[in-house]
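Notes follow once the structure below has been shown.
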Amino acid sequence: MSNEAVYGIMFYLVSAVVLLSAVAAVTLRNLIHAALFLAISFVSVAGIYVLLHADFLAAVQVLIYGGAIPVLIAFGVMLTRTPGAAGSNPVNTKTYIWGLGITGALFAVIMLSLLKSKFAMQGLISKEPSIEGLARLMLGDFLIPFEFAAILLLAAMIGAIILARGGEAK
Amino acid sequence: MLKEYFGVLLFAGVAAIIPLAVFAVSYLLSTKKDTPEKGLAYECGMDTRGETWVQFKSGYFLYALIFVVFDVETVFLYPWAVKFGQLGLFAFVEMLIFIAILLIGYWYAWKEQVFRWK
């Protein structure tokens, strides 16, 4: 089999996993099952990034969307009071039409812009792993934004602590 | 470059097959006699009381939030760790400052008794 054929098969396989697990996340009645399928969907998106030669982005996707976000969702489920696992992810049938209309319009807009734009792919994909250049840029030219990212994270952490403890007596 | 990732694919495949195989073996070999006790949630061998789906304290959530912050820090550490040999002393000092800034947050969490179990 040629490299292109293998690439095509892998792309459609990974895309199928992304889409099917996303559908499962929306339709499953148990919220914890839905969260697990969402995690599978996120991790499979990392596979798409790998196929696009974006290795650093794939690692970030696995670390953040495969690790941190499902943990937050699981904790969110644990912290909210629901009558039971079975009906914890109810379906809102009243707004089906609206949802269908809005997602249909969004799909049309995205497809139109995709079909109209020309993709100049040749020469853009580098053969070396993207992490090498990223490390050089991040710790060299973009030193100040890099350190500001730390301050941003610090602010997020302190803000989260203040918000989460706001209701409690000191 | 993509060929190197077939190892990852193989790894994921084996990791998916092993738990399925364990379930299949236990399905094939186990005796199928259901009693109400077998359907209970396992809680250290004690009978469960009340609902098994309970609300947790918000204290747990703070652990998760702090975990997320340091998870994001890992993303920044990762390229630095990969190219550590070539980056030199300057990048090392930069990363020390980066970690020091985040340690302030850790110190704050400690001071606010986030880790204290009440």
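Residue numbers (my numbering), protein chains in the order written: chain A, 463 to 632; chain B, 1028 to 1145.
Even glycine gets a Cβ: it sits at the ideal position worked out from N, Cα and C.
Residue 540(A) and residue 1116(B) have their C-alpha atoms some 45 angstroms from each other. Chain order gives no chain A residues near residue 1034(B), where near means a beta carbon separation below 7 angstroms; the closest approach is about 12 angstroms. Judged by DSSP in its simplified three-state form, residue 1121(B) adopts helix.
In the assembly as shown, residue 1107(B) is a buried residue. Its beta-carbon has 16 or more other beta-carbons within 10 Å.
Around the C-beta of residue 1121(B), 16 or more other C-beta atoms lie within 10 Å, and the residue is accordingly described as buried. Contact of residue 529(A) with chain B is assigned, a C-beta pair being separated by under 8 angstroms.
Between residue 537(A) and residue 1088(B), the C-beta gap is smaller than 8 angstroms, which places the two residues in contact. Residue burial is scored here from C-beta neighbours: residue 1124(B) has fewer than 16 other C-beta atoms within 10 angstroms and is therefore classed as exposed.
Distances from the alpha-carbon of residue 1139(B) to those of 622(A), 466(A), 498(A) and 511(A) put 622(A) closest. Per DSSP, the beta-bridge partners of residue 1073(B) are 1070(B). The same chain holds no residue with a CB closer than 6 angstroms to that of residue 531(A) once the five nearest residues on each side in sequence are set aside. The shortest CA-to-CA distance from residue 1132(B) to any of 1090(B), 1045(B) and 1111(B) is the one to 1090(B). Out of 466(A), 473(A) and 505(A), the CA that lies nearest to the CA of residue 483(A) is found in 505(A). The three-state secondary structure of residue 517(A), taken from DSSP, is helix.
In the structure shown, residue 523(A) adopts helical secondary structure according to DSSP, grouped into three states.
According to the DSSP assignment, residue 561(A) belongs to the alpha helix (DSSP H) that extends over 558-578. Excluding its 5 nearest sequence neighbours in each direction, residue 572(A) has no C-beta neighbour in its own chain below 6 angstroms. Residue 1113(B) and residue 515(A) have their C-alpha atoms some 23 angstroms from each other. Separation of residue 1095(B) and residue 1036(B) (C-alpha to C-alpha, rounded to the nearest whole angstrom) is 26 angstroms. Residue 1103(B) and residue 524(A) have their C-alpha atoms roughly 14 angstroms apart.
Neighbourhood of residue 622(A) in chain B, by CB distance below 7 angstroms: 1092, in chain order.
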